[in-house]
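J.: Below: one structure in structure tokens.
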Ligand SMILES: Cc1ncc(COP(=O)(O)O)c(C=O)c1O
């Protein structure tokens, strides 16, 4: 048995979700919207199930979706990639798995920036890499460029960047992206860029893909997910964009992970990526309104809400809210006593975790957000006394 998996404890996400189901708590822990998603995109999928092919599509993805991803990169980010530079995967998770398996040689050092999406560390280890962890901290959560530079050694081959960043809802700015790009170029590093949240940005922010920075085209791998672009998280349609020298080995790994992704969902995602600017703008505005609704109500109850620049999440600093509980203790008690599930940010660290910040998902209806905020307000009163 592989000890990476055999010795792995149940994740806090699983623990919280099981508890939330058992207690009937409002689940602001897991990140998924509670609306049905765009009707026309779902109709395109239904139509493709009924009247399109339901047999194995090409290993690299359907021509239509590969073309649509390339067009989308050009339209939104000015990136000059062709359909041939695109690989379709079964979600961003499979894209990350294939990229890390293909690009890490046993013994390579890989830089991971904490807080980090939970899949990164086990995937790096499974690929034979040695993870070098650097950390960001609240409340500013700036990219730790000096710590990254200090962690780079002769065996460092790769860095994983999640931008916009789940869980702390940061969208990295031009200075941070340029500084990381300069380090990658100077030290000949590959960057695996998890950009699943590229469209879920607020307050007029722009997403700056690392692959667009100077010197990065040949050394970056851009990963996206239709699940986040279309609020359809169960669809698990992802994509990788990279130059042939990087995409080739990733495609070989994908070939023996899932080989293909359902053709009807690929059709529907291709349809969706061609939607006009208004869809993307309104989607962002709707989530921004939900963010403001939950943030406003929590702030009124004395919670110190940290800025949320993108994603479906906002964070709350418990210590700054006068709540005398660690993040894990707060989350476990809030499920039982307030009937609201949240996630402790320490779960996104492999070491040196801050323990006073929790993450809440606001991609929910107004009524659900209002009820959750009311319950959390009462719970804050109770634990402060
Ligand atoms: C940062 C990040 N990467 C990857 C994923 C997984 O994407 P997918 O569902 O397409 O596998 C998520 C989902 O929440 C995420 O937040």
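Residue numbers (my numbering): 289 to 673. Beta carbons: idealized from backbone N, C-alpha and C, even for Gly. As the structure is a computational prediction, the values presented were derived from the model and not from experiment.
Please classify residue 547: is it buried, with 16 or more other beta-carbons within 10 angstroms of its beta-carbon, or exposed?
T.: Indexing the chain shown from 1 puts residue 547 at position 259. Exposed: under 16 other Cβ atoms inside 10 Å.
J.: Over the uninterrupted beta strand (DSSP E) stretch that includes residue 640, give me the two end residues.
T.: Here residue 640 refers to the residue found at position 352 of the chain shown. Run containing residue 640: none; DSSP gives neither H nor E here.
J.: Assign residue 606 to one of three DSSP states: helix, strand, or coil.
T.: Against the chain shown, residue 606 aligns to sequence position 318. If DSSP states are grouped into helix, strand and coil, residue 606 belongs with coil.
J.: Could I get the ranges of all uninterrupted alpha helix (DSSP H) runs contained in the segment 372-455, with 4 residues as the minimum, in chain order?
T.: For the segment 372-455, whole alpha helix (DSSP H) runs of length 4 or above, ordered along the chain, are 379-391, 408-414 and 433-439.
J.: Is residue 519 near ligand 1, going by C-beta to nearest heavy atom under 7 Å?
T.: As a working mapping, residue 519 is identified with position 231 in the chain shown. No, ligand 1 has no heavy atom inside 7 Å of this Cβ.
J.: Report all residues for which the CB-ligand distance to some heavy atom of ligand 1 is below 6 Å; order them along the chain.
T.: For ligand 1, the selected residues are 319, 379, 380, 381, 405, 450, 454, 482, 484, 513, 515, 521, 524 and 526.
J.: What are the complete alpha helix (DSSP H) segments, minimum 4 residues, inside the segment 533-577?
T.: List check, alpha helix (DSSP H) in window: 551-561.
J.: Could you please give the first and the last residue of the uninterrupted beta strand (DSSP E) stretch that includes residue 510?
T.: Here the question's residue 510 lines up with position 222 in the chain shown. Looking at the DSSP string, the run of the beta strand (DSSP E) that includes residue 510 is 508-513.
J.: Thinking just about the alpha-carbon of each residue, which of 538, 452 and 417 is nearest to the one in residue 399?
T.: Residue 399 sits at position 111 when you count from the first residue of the chain shown. The option with the nearest alpha carbon to residue 399 is 417.
J.: The alpha helix (DSSP H) that contains residue 531, what's its start and end?
T.: Start at 1 with the first residue of the chain shown, and residue 531 comes out as number 243. Run containing residue 531: none; DSSP gives neither H nor E here.
J.: Out of 344, 394 and 522, point me to the one whose CA is closest to residue 551's CA.
T.: Along the chain shown, one-based indexing puts residue 551 at 263. Taking only the C-alpha atoms, the option nearest residue 551 is 344.
J.: What first and last residue would you give for the alpha helix (DSSP H) that runs through residue 658?
T.: In the chain shown, counting from the first residue as 1, residue 658 sits at position 370. Run containing residue 658: 654-672, per the alpha helix (DSSP H) assignment.
J.: For a quick check, are the C-beta atoms of residue 446 and residue 392 less than 8 Å apart?
T.: Walking along the chain shown from the start, residue 446 turns up at place 158. Walking along the chain shown from the start, residue 392 turns up at place 104. Yes, Cβ-Cβ distance for residue 446 and residue 392 is below 8 Å.
J.: Report all residues from its chain with a CB closer than 8 Å to the CB of residue 627; omit the five preceding and five following residues, and keep chain order.
T.: Sequence index remark: in the chain shown, residue 627 carries index 339 (1-based). 311, 312, 313, 314 and 663.
J.: For chain E, check one thing: does any of its Cβ atoms lie closer than 8 Å to the Cβ of residue 544?
T.: You won't find chain E in this structure, because it holds only one protein chain.
J.: Going by C-alpha distance, which of 541, 665, 453 and 637 is nearest residue 588?
T.: Position 300 of the chain shown, counted from the first residue, corresponds to residue 588. The option with the nearest alpha carbon to residue 588 is 665.
J.: Following the continuous alpha helix (DSSP H) through residue 351, name the residue where it begins and the one where it ends.
T.: Against the chain shown, residue 351 aligns to sequence position 63. It spans 351-365 - the alpha helix (DSSP H) in which residue 351 sits, taken as one unbroken run.
J.: Under a three-way DSSP split, which group does residue 482 fall into?
T.: As a position in the chain shown, residue 482 is number 194, starting the count at 1. Here residue 482 sits in strand by DSSP.
J.: For the pair the segment 597-615 and the segment 451-463, tell me if three or more CB-CB distances fall below 8 Å.
T.: They touch, by the three-pair rule.
J.: Counting Cβ pairs closer than 8 Å, one from the segment 483-500 and one from the segment 514-522, do we hit at least three?
T.: Cβ pair count under 8 Å is three or more, so yes.
J.: Using a Cβ-Cβ cut-off of 8 Å (strictly less than) and excluding sequence neighbours within five positions of residue 576, which residues of its own chain qualify?
T.: For the purposes of this step, residue 576 is taken as residue 288 along the chain shown, with counting starting at 1. So the list reads 490 and 491, once near-sequence residues are dropped.
J.: Judging by CA-CA distance, which residue of 556, 386 and 659 is the nearest neighbour of residue 352?
T.: On the chain shown, position 64 is the one that residue 352 refers to. The option with the nearest alpha carbon to residue 352 is 556.
J.: Out of 482, 595, 478 and 581, point me to the one whose CA is closest to residue 379's CA.
T.: Residue mapping note: residue 379 aligns to position 91 of the chain shown, counting from 1. Among 482, 595, 478 and 581, the Cα nearest to that of residue 379 is on 482.
J.: Helix, strand or coil: which one does DSSP assign to residue 601?
T.: Locating residue 601 in the chain shown gives position 313, where the first residue counts as 1. Note: residue 601 maps to strand in three-state DSSP.
J.: Residue 558 to residue 643, Cα distance in whole Å?
T.: Position 270 of the chain shown, counting from 1, holds the residue named residue 558. Position 355 of the chain shown, counting from 1, holds the residue named residue 643. Straight-line Cα distance between these residues: approximately 42 Å.
J.: Could you tell me whether the Cβ atoms of residue 499 and residue 468 are closer together than 8 Å?
T.: Walking along the chain shown from the start, residue 499 turns up at place 211. Walking along the chain shown from the start, residue 468 turns up at place 180. Taking 8 Å as the Cβ cut-off, residue 499 and residue 468 do not qualify as a contacting pair.
J.: Does DSSP put residue 526 in a helix, in a strand, or in coil?
T.: The sequence position of residue 526 within the chain shown is 238, counting from 1. DSSP places residue 526 in strand when its eight states are reduced to three.
J.: By Cβ distance, which residues of its chain are closer than 8 Å to residue 373, with the 5 residues on each side in sequence left out?
T.: Within the chain shown, the letter at position 85 stands for residue 373. Excluding positions up to five away in sequence, the list reads 358, 529, 530, 531, 532 and 535.
J.: With a threshold of 6 Å on Cβ separation, who are the neighbours of residue 596 within its own chain once the five nearest residues in sequence on each side are excluded?
T.: Position 308 of the chain shown, counted from the first residue, corresponds to residue 596. Contacts found: 457, 579 and 602.
J.: Terminal residues of the continuous alpha helix (DSSP H) containing residue 500?
T.: Here residue 500 corresponds to residue number 212 of the chain shown, with the count starting at 1. From DSSP, residue 500 is part of no alpha helix (DSSP H); its letter is neither H nor E.
J.: Within a Cβ cutoff of 8 Å, which residues of the same chain sit near residue 540, ignoring the five residues on either side of it in sequence?
T.: By 1-based counting over the chain shown, the position of residue 540 is 252. Closer than 8 Å at Cβ, skipping near neighbours: 390.
J.: Assign residue 408 to one of two classes, buried (16 or more other C-beta atoms within 10 Å of its C-beta) or exposed (fewer than that).
T.: Here residue 408 refers to the residue found at position 120 when the chain shown is read from its first residue. Residue 408 should be labelled buried.
J.: Hey, quick one: how far does the alpha helix (DSSP H) through residue 474 stretch, first residue to last?
T.: Counted from its first residue, the chain shown places residue 474 at position 186. Note, residue 474: alpha helix (DSSP H), 462-474.
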